[in-house]
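The structure appears right after this line, and notes come after that.
There are 2 protein chains.
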Amino acid sequence: MAEANGKAVDLKTNFLQIYSRLKSDLLDDPAFSFTEDSRQWIDRMLDYNVPGGKLNRGISVVDSCEILKEGQLSDDEFFCAGVLGWCVEWLQAYFLVLDDIMDNSHTRRGQPCWFRLPKVGIIAANDGIILRNHTPRILNRHFRDKTYYVHLLDLFNEVEFQTASGQMLDLITTHEGEKDLSKYKMPVYNRIVQYKTAYYSFYLPVACALLMAGETLDNYVDAKRVLVEMGTYFQVQDDYLDCFGVPEFIGKIGTDIEDFKCSWLVVKALEIADENQLKILEENYGKSDPACVTKVKSLYNDLNLRAIFSEYERTSYEQLISAIEAQPSKQVQEVLKSFLHKIYKRQK
Amino acid sequence: MAEANGKAVDLKTNFLQIYSRLKSDLLDDPAFSFTEDSRQWIDRMLDYNVPGGKLNRGISVVDSCEILKEGQLSDDEFFCAGVLGWCVEWLQAYFLVLDDIMDNSHTRRGQPCWFRLPKVGIIAANDGIILRNHTPRILNRHFRDKTYYVHLLDLFNEVEFQTASGQMLDLITTHEGEKDLSKYKMPVYNRIVQYKTAYYSFYLPVACALLMAGETLDNYVDAKRVLVEMGTYFQVQDDYLDCFGVPEFIGKIGTDIEDFKCSWLVVKALEIADENQLKILEENYGKSDPACVTKVKSLYNDLNLRAIFSEYERTSYEQLISAIEAQPSKQVQEVLKSFLHKIYKRQK
Ligand SMILES: [Mg+2]
Ligand SMILES: [Mg+2]
Ligand SMILES: [Mg+2]
Ligand SMILES: [Mg+2]
Ligand SMILES: [Mg+2]
Ligand SMILES: [Mg+2]
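Protein chains in written order, with the working numbering: chain A, 908 to 1255; chain B, 908 to 1255.
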């Protein structure tokens, strides 16, 4: 909870107010002379794609800032942290809009993917680009006079490059040519997840908070390593919940099996399956026929993947905790632990 | 011509050598752990999309630097100018790869569009993103210690934002809904061209050279205005040559009429056509049937569009020259004139 004007106000509400401010700034950007049509287009595009997620990444910038400051943020500090949080959300929106086009997906956050709207179609590709361009516009407007402005630009550029590179790995591993399970190995999986998800989802929010606190990121390579590990663990959970989670909790019905996804579950299954079981996977993985999905799920049960996941979760947690406790700064330890406890044993 | 090791060496050859150096840097970027497959993918993708154009934009950074310095560039200065020139070319490659997907085009620079290659397909969208990410990687590697580093980042971010915004205008004006010529008006045309083409093709190369020369861009808003005007004139030429140019000179057979493009020619024709002529346009513009194309071309002849273009070219030139001569700096005047004389009355 953040305090404003002496009253406790819901953090998420305050965070969402910053979104409205940023949106109206962008719709009046002097670098472009908007027409009525184009202003309306951007307005709708932003509302459809930016604020509708869980906002965990964005809000964790604010949380991390509070911990690093060891106390409550001033209104100005809250605003700055919130703006950086929204930059993370904007970056994610950009990647999701384009990822849905490339994956030919149908739904996202419980509604049709942006490019599926009849009026939008392939214009969505340029909208993704526009979303990408908004981050530096926001940073320039609100941070250009800060000493850490150039470090923020470098940070967002580096993390975006890593995310796009992870996406490339994913695309050339899992899209190229015919369906081929032989490419789905644990080191391949880990590398894709690290680059495609972990840097922007876990490292970036904390790095934003560290820069705001006046820190030099080169001094936090160990914390970065921990956050990237945590991001990997988070994605393994995501893959687990896609199959074994409760749809009412996770808010969707998983389709990783149908979609031939390079999921932690199938990679693990391929590691431990015998010859017959391998054949079952080859014949049934990546098919939309419900009978095939059922066969894959019952194979996952035969292979005890629930128990193997629980064991993975337990050892990951232990390793993360000891890596966190080896960090020299107590506040950084607290930032990392707070992050870990948000996701440990999550059901959604 | 640039001199190296005391011998005259062809500028373009030297410029292309810098490309090879930049490519190998990118293939060893420590921010990503490349696999053999992904390194090869990027290698091919770059060779296919980055160096195959006329390189006018990139080389004009080097030319502008030489003029601003009033003398020959040192090897180091040549290298820096060349690197910035390649950043402009990379930015263009990024936009072209994505534009071809959005326009569903077939060929580019005399070869199939990148996304048309069977192995590539929609992965091309992410390759566009990777190309976009390369610019800040290159700038960070070669310019991070320069005092103007942050201004380079701001410049590329602003110009990219303007280009993407111009692309949006183009897409929502010319792609949305049914074919509708009533939207094709001169102010609409000018706005699209200014943002989509002029900033990155004309302003950006000169702005790079000004930053390298230690200048503050805020002091050159008049020069910027001239360059944006010149970029508009350049696009009008492009549209003219698409219909009236000699295919052997321009290196392709124009298809703007078939593609229902918002070309200067059709906008002008719509301005001056009588009711019957309007009907001819409505019935024949944007159709691939050669008989329809012939009807549009003969209407353009009836309307004297060649002569109207010549008159436009003459007055544009005069206005540009007097705007150039009003610039306070002689070197800036020379940079702008050299740019103008590269394009005035061009046949290709
Ligand atoms: Mg996807
Ligand atoms: Mg994907
Ligand atoms: Mg998932
Ligand atoms: Mg095009
Ligand atoms: Mg286009
Ligand atoms: Mg053209």
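In this text, a Cβ means the ideal position worked out from N, Cα and C, and glycines have one as well.
If you're wondering where the values come from, they're calculated on a predicted model, not measured in any experiment.
By the rule that beta-carbons nearer than 8 angstroms mark a contact, A:S945 touches chain B. If you check the CB distance, B:L934 and B:R951 do not come in under 8 angstroms. Taken through DSSP and simplified to helix, strand or coil, A:P937 comes out as coil. Judged by their CB atoms, B:F1156 and B:S1108 are not nearer to each other than the 8 angstroms cut-off.
Shown here, A:R946 sits in a helix according to DSSP, grouped into three states. Our two residues, B:Y1110 and A:E1136, have alpha carbons roughly 44 angstroms apart in a direct line. Between B:S971 and B:E1220, the alpha-carbon positions lie close to 24 angstroms from each other. For A:I1099, none of the residues of chain B pass the 9 angstroms Cβ criterion, the least Cβ distance being about 10 angstroms. With contact defined as three or more Cβ pairs closer than 8 angstroms, the stretch 1183–1198 of chain A and the stretch 1082–1091 of chain A are in contact.
At a threshold of 7 angstroms, A:D1007 does not count as near ligand 3, since its beta carbon sits no closer than that to any of the ligand's heavy atoms. For B:Y1102, at least one C-beta of chain A is nearer than 8 angstroms to its own C-beta.
Taking 7 angstroms as the cut-off, one finds at least one heavy atom of ligand 4 near enough to the beta carbon of B:S1012.
Judged by DSSP in its simplified three-state form, B:P1112 adopts helix.
Taking C-beta atoms as the reference points, A:D1129 and A:Q1018 fail to come closer than 8 angstroms. Distance from the Cα of A:R928 is smallest, within the candidate group A:D954, A:D917, A:D944 and A:I1250, for A:D954. When C-beta atoms of the stretch 962–970 of chain B are compared with those of the stretch 984–1004 of chain B, three or more pairs fall below 8 angstroms, so the two segments count as touching.
For B:G1152, same chain residues with a beta-carbon under 8 angstroms away, outside a window of 5 residues either side, are G1161, Q1254 and K1255 in chain order.
Comparing C-alpha distances from B:A1114 to each of B:A938, B:V1143, B:D1061 and B:P1154 shows the shortest one belongs to B:D1061. A direct Cα-to-Cα measurement between A:L1024 and A:D1007 gives close to 12 angstroms. Under a criterion of Cβ atoms nearer than 9 angstroms, the residues of chain A adjacent to B:D1061 are, in order, P1043, N1047, R1051 and L1060. The residue among A:V1203, A:A1180 and A:D1034 with its C-alpha nearest the C-alpha of A:W948 is A:D1034.
For B:W948, the nearest CB of chain A lies under 8 angstroms from its own CB, placing it at the interface with that chain. When the alpha-carbon of B:M1093 is set against those of B:Q979, B:C1169 and B:R964, the nearest one is in B:C1169. Taking 8 angstroms as the cut-off, the Cβ atoms of A:F1167 and A:Y1127 do not count as close. Within the stretch 993–1009 of chain B, the residues whose Cβ lies closer than 8 angstroms to any Cβ of chain A are, in chain order, L1005, I1008 and M1009. In the structure shown, A:R1044 adopts helical secondary structure according to DSSP, grouped into three states. Note that the C-beta distance between B:V1100 and B:T1139 is below 8 angstroms. Across the set B:V1133, B:L1003, B:S1223 and B:F1063, the C-alpha of B:S1223 shows the shortest separation from the C-alpha of B:K1252. For A:D1149, the Cβ falls inside the 7 angstroms cut-off from some heavy atom of ligand 3.
A distance of 8 angstroms or more separates the beta carbons of A:Y1055 and A:W993. Apart from sequence neighbours up to five positions away, the residues of its chain that approach A:V1174 with a beta-carbon distance below 7 angstroms are Y1091, K1092, M1093 and Y1096, ordered along the chain. Within the same chain, Q1069, T1070, S1072, G1073 and L1076 come within 7 angstroms of A:Y1102 by CB-CB distance, once the 5 residues on both sides are set aside. If you check the CB distance, B:V957 and B:W1021 do not come in under 8 angstroms. A residue is called buried once 16 or more other Cβ atoms fall within 10 Å of its Cβ, and B:I1179, having fewer, is exposed. The C-alpha of A:R1016 lies about 31 angstroms from the C-alpha of B:S940. Distances taken from the Cβ of B:D1163 to the heavy atoms of ligand 5 include none shorter than 7 angstroms.
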